[in-house]
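With the numbering used here, letter number 46 in the sequence shown gets 263, and the count goes up by one each step, no holes.
Here is the structure we will look at, set down as C-alpha cells.
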Amino acid sequence: MTMTGARAPLPAMLRGGALVTAIVGVLVAAGVGIAWGSVAALNALGASLVVLATFAGGVWALSAVLGSGDPRATSSVAMVGAFVVYGGQLLALTALALALHAQPWIDRPAIAIGGLVAVVAWQVGHIAGFARSRTLIFSPQVGR
Numbered sequence: 218m219t220m221t222g223a224r225a226p227l228p229a230m231l232r233g234g235a236l237v238t239a240i241v242g243v244l245v246a247a248g249v250g251i252a253w254g255s256v257a258a259l260n261a262l263g264a265s266l267v268v269l270a271t272f273a274g275g276v277w278a279l280s281a282v283l284g285s286g287d288p289r290a291t292s293s294v295a296m297v298g299a300f301v302v303y304g305g306q307l308l309a310l311t312a313l314a315l316a317l318h319a320q321p322w323i324d325r326p327a328i329a330i331g332g333l334v335a336v337v338a339w340q341v342g343h344i345a346g347f348a349r350s351r352t353l354i355f356s357p358q359v360g361r
C-alpha cells in the first residue's frame, strides 16, 4: 500500500460508526417496542441516540485536538487528547445518568439494551471505517 492511497481515518470512522449505530438503534428500538411497548422502544432509541451523540462528539473533539484529523501527523498529543476526550464523555454520561435516574418514565432494561447494543454497533462501524481508510499503522521501510 502506498501513502497516496491513504486517507485521514477520523472522517471514515465517524461515518462508519454513525451509520451502523443509527441503523442498529432503530432495529433494536423496534424489537424492544414489539416486546415491551412504545415507552420501552422510545427509551431504547433514546439510549442509542445518546451513545451515537457521545461517540460522534468524541470523534469530533479528537479531530479538533489533533488538528489535521490524522493521528499520524500529531502522534505526540494523540493519546493525551484521547484521554481528555474520554474523560469528558464519562463526565457527560454520568451527569445525564444522575439527572435522569429517578424519572418515572425511565425503562432501565430497555435503556440498557439500547445503549449496550449501540456501543457494540458503534465499535463495529468505527473499526470498519478505520479499516476502509487504509491508514498505515507502521512506517514503510525505505530501501526494500
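Here a beta-carbon is modelled for each residue, glycine too, at the ideal position from N, C-alpha and C.
#1: Determine the contact status of V268 and V336, defining contact as a CB-CB distance below 7 Å.
#2: What's the gap between the Cα of I330 and the Cα of A338?
#3: Skipping 5 residues on each side, what residues in its chain have a beta carbon closer than 6 Å to that of S265?
#4: Have a look at R349 and S280 and give me their C-alpha separation to the nearest angstrom.
#5: Quick check on R349: does DSSP put it in helix, strand or coil?
#6: Can you tell me which of L259, V276, M230, G233 puts its alpha carbon nearest to the alpha carbon of G305?
#7: Please confirm whether G233 and G342 have their CB atoms less than 7 Å apart.
#8: If you drop the 5 nearest sequence neighbours on each side, which residues of the same chain put their C-beta closer than 7 Å to that of L310?
#9: Helix, strand or coil for W339 per DSSP?
#10: With DSSP as the reference, label I323 as helix, strand or coil.
#11: Given T238, which residues of its chain have a CB within under 7 Å of its CB, disregarding the five upstream and five downstream residues?
#12: Using only the alpha-carbon positions, how far apart do A312 and H318 sit?
Here's the rundown:
#1: For the purposes of this step, residue 268 is taken as the residue at position 51 of the sequence shown. For the purposes of this step, residue 336 is taken as the residue at position 119 of the sequence shown. Contact flag set, yes.
#2: Within the sequence shown, residue 330 is the residue found at index 113, counting from 1. Within the sequence shown, residue 338 is the residue found at index 121, counting from 1. So the two alpha carbons sit approximately 12 Å from each other.
#3: Within the sequence shown, residue 265 is the residue found at index 48, counting from 1. Result list for S265: G242, G331, A335, in chain order.
#4: Reading the sequence shown from its first residue, position 132 is the one you call residue 349. Reading the sequence shown from its first residue, position 63 is the one you call residue 280. For R349 and S280, the distance between alpha carbons rounds to 18 Å.
#5: Mapped onto the sequence shown, residue 349 falls at position 132. Look at R349 here: in three-state DSSP terms it is helix.
#6: Translated into the one-based positions of the sequence shown, residue 305 becomes position 88. Distance check between G305 and each of L259, V276, M230, G233 places V276 closest, using alpha-carbon atoms only.
#7: Counting from one through the sequence shown, the residue named residue 233 turns up at place 16. Counting from one through the sequence shown, the residue named residue 342 turns up at place 125. Cβ atoms of G233 and G342: closer than 7 Å.
#8: Reading the sequence shown from its first residue, position 93 is the one you call residue 310. Within its own chain, the residues whose Cβ lies closer than 7 Å to the Cβ of L310, once the five positions on either side in sequence are excluded, are T271, listed in chain order.
#9: The residue labelled residue 339 in the question sits at position 122 within the sequence shown. Residue state for W339 is assigned as helix, using DSSP reduced to three classes.
#10: The count along the sequence shown starts at 1 and reaches residue 323 at position 106. Coil, per DSSP.
#11: Along the sequence shown, read from residue 1 onward, the residue named residue 238 stands at position 21. Once the five neighbours on either side are set aside, the close Cβ partners of T238 are S265, V268, L269, A335, A338, W339, G342.
#12: In the sequence shown, counting from the first residue as 1, residue 312 sits at position 95. In the sequence shown, counting from the first residue as 1, residue 318 sits at position 101. The straight-line gap from Cα to Cα measures roughly 10 Å.
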